[in-house]
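One structure is given below, encoded as structure tokens.
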Amino acid sequence: MASEITEPQGTVDGVAARPRVEWLDGVRGAAAFYVVLHHTWLLSFRGFPDNAGPGWTGWMTYGHLAVAVFIVVSGFSLSLAPVARGYRLKEGTLGFIRRRFWRIVPPFWAALALASILVWAGLIPTPSGEPLAWRDVLVHALILHDTIGNVSPNGVFWSIAVEWHIYFLFPLILLAARRWGSAVAGTLVAGAVLAQHLAAPFVPLAAFFDRFTPQFLALFVAGVFAVALARDSRASRWAGIAGALGWAAFPVLAASVGARAVVANFFWVDLWIGLCTAGLFAAMAAGHLRPLRWVLASRPLRSLGTFAFSLYLVHAPMLELVRGVGESVWGFDHAQTFAFLLVVGVPVAVAASFGFYVVFEKVFVTARSLSAVIDAVRPSRRQPEAA
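Per the numbering used here, the very first residue in the sequence shown carries number 657; after that it's consecutive.
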């Protein structure tokens, strides 16, 4: 794929004009597949964050960090057009929220119904092992499950609420960038997030906001301003170098301090990984890091990226179904369950997710209203040709 930003001045018009950024699809695909592998490991070897499996599987521990990457992707992709228009939303705030609702919420509701049915049918347990009540499903349907205590039918749903609530702040972020500049707006958000986290041990109200993983707001903003940074070719090149070095340093850190320390400090690790990812995005959007762009734009990763949201939403119940078969029918131990999930569970999860995408998500990629959805799924009625 050609450079998204080819103008000498480094404007982002080239990016905004393209319907898809292929390497960004590859990022979505890679991150979603890593989450699948993480849950494959998690369902096989209990004791997270300790690794009870073979030592070589330790890299599968950090599925949470893929969500940090997804948040940066969200901020980056949603900002391509607004940044090119001077930090303005073409459709306005209400139009933006409506558009995001139709893109995210109906597929989420379908995944919620699927997981709840499987739990109530006794085919899979809830992640916590507690019974699922109608109240829990309602809390999820209202996307308040990061605010109100509940039992979840699917462990990945927590991030949907976090991202959905960030969308309501996106217009304010753009307004701040438009009035005071991207550097000031980014500093304000980062300062607020850091102040909240540092005050949490001492101030109950600040501690309450920890449930919303506030670092993800900072990462979303990092994605927004990675688009702006891409206008400066030199700065984006250095951001890419810093991002690559930061990512390379993470395995060294994880091996040095251990998984428990990493998990206990996800706030800071999320910020580290997210900022490094934003730096890479700025560089790739400006046309740098061509080998990485080529890998991410490869057909397998791009293909996964087209239905990455569905893969994220429904892979866990599918893996749980396959695990249950292996352990109940053949009595697999942990290592055998892991192998069975890799060989059978992962393909089943990918295939089921693609089917879910075709049936429940694909129409909402373009449909932005109920009438548009009905028109999209209604069989076409061709007019008879004139004689």
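Quick reminder that beta carbons are idealized off the backbone N, C-alpha and C, glycines included.
For residue i, count neighbouring C-beta atoms within 10 Å of its own C-beta (all shown protein chains included) and say buried if the count is 16 or more, exposed if not.
{"i": "N921", "result": "exposed"}
{"i": "E819", "result": "buried"}
{"i": "D802", "result": "buried"}
{"i": "A1007", "result": "exposed"}
{"i": "F826", "result": "buried"}
{"i": "F963", "result": "buried"}
{"i": "A817", "result": "buried"}
{"i": "R946", "result": "exposed"}
{"i": "R887", "result": "buried"}
{"i": "I822", "result": "buried"}
{"i": "P907", "result": "exposed"}
Can you tell me whether DSSP reads residue i as helix, strand or coil?
{"i": "A942", "result": "coil"}
{"i": "T1022", "result": "coil"}
{"i": "S838", "result": "helix"}
{"i": "F922", "result": "helix"}
{"i": "G742", "result": "coil"}
{"i": "D792", "result": "helix"}
{"i": "W765", "result": "helix"}
{"i": "P827", "result": "helix"}
{"i": "D989", "result": "coil"}
{"i": "P664", "result": "In this prediction, P664 has a pLDDT of 31, which is less than 50 and means its spatial position is unreliable; what the coordinates show is noted afterwards. Of the three classes helix, strand and coil, the one that applies to P664 here is coil, per DSSP."}
{"i": "Y718", "result": "coil"}
{"i": "E747", "result": "coil"}
{"i": "G961", "result": "helix"}
Once the 5 residues before and after residue i are set aside, which same chain residues still bring their CB inside 6 Å of it?
{"i": "F752", "result": "L745"}
{"i": "A672", "result": "Note that A672 scores a pLDDT of 38, beneath 50, so its modelled location is shaky; the value from the coordinates is reported in the next line. Correct list, in chain order: L736, A737, A740."}
{"i": "A1032", "result": "V1019, A1023"}
{"i": "D681", "result": "R958, G961"}
Can you list, in chain order, the residues of its chain whose CB lies under 7 Å from that of residue i, leaving out five sequence neighbours each side?
{"i": "V919", "result": "P705"}
{"i": "Q852", "result": "A862, F865, P870"}
{"i": "P1040", "result": "With a pLDDT of only 49 at P1040, under the threshold of 50, the placement of this residue in the model should not be trusted, and no figure is reported."}
{"i": "H944", "result": "S892, R893, G896"}
{"i": "L1013", "result": "This sequence places Tyr at residue 1013; Leu is not what is there. So the list reads F963, S966, once near-sequence residues are dropped."}
Looking at C-alpha atoms only, which residue of the options is the closest neighbour of residue i?
{"i": "V1004", "options": "A846, V978, L698", "result": "V978"}
{"i": "H990", "options": "P973, G961, R702", "result": "R702"}
{"i": "S772", "options": "F996, R756, V795, F757", "result": "V795"}
{"i": "V1015", "options": "N806, G987, A767", "result": "A767"}
{"i": "E678", "options": "V1019, L948, V1000", "result": "L948"}
{"i": "R754", "options": "F1020, W790, V1033, V859", "result": "F1020"}
{"i": "L969", "options": "G811, D792, F923, L800", "result": "G811"}
{"i": "R684", "options": "N707, V728, G899", "result": "V728"}
{"i": "I799", "options": "I760, V913, A832", "result": "I760"}
{"i": "A833", "options": "F881, A855, L779, A995", "result": "F881"}
{"i": "G847", "options": "L873, P762, Y718", "result": "L873"}
Given this structure, state the Cα-to-Cα distance separating residue i from residue j, to the nearest angstrom.
{"i": "A1028", "j": "L734", "result": "22 Å"}
{"i": "L927", "j": "L774", "result": "35 Å"}
{"i": "F937", "j": "S730", "result": "12 Å"}
{"i": "R958", "j": "S966", "result": "14 Å"}
{"i": "T662", "j": "G1011", "result": "Because the pLDDT at T662 is just 32, under 50, the model does not fix this residue reliably, and the value given afterwards should be weighed accordingly. Cα to Cα, T662 sits roughly 37 Å from G1011."}
{"i": "L1026", "j": "A905", "result": "47 Å"}
{"i": "A910", "j": "V925", "result": "10 Å"}
{"i": "L885", "j": "W697", "result": "37 Å"}
{"i": "L831", "j": "Y743", "result": "7 Å"}
{"i": "E976", "j": "P857", "result": "36 Å"}
For the ligand SAM, is there a heavy atom less than 6 Å away from the beta-carbon of residue i?
{"i": "G987", "result": "No copy of the ligand SAM appears in this structure; indeed no ligand is present at all."}
Below 8 Å CB to CB, which residues in the same chain sit around residue i once its five sequence neighbours on both sides are set aside?
{"i": "T782", "result": "V775, L788, V807, S808, P809"}
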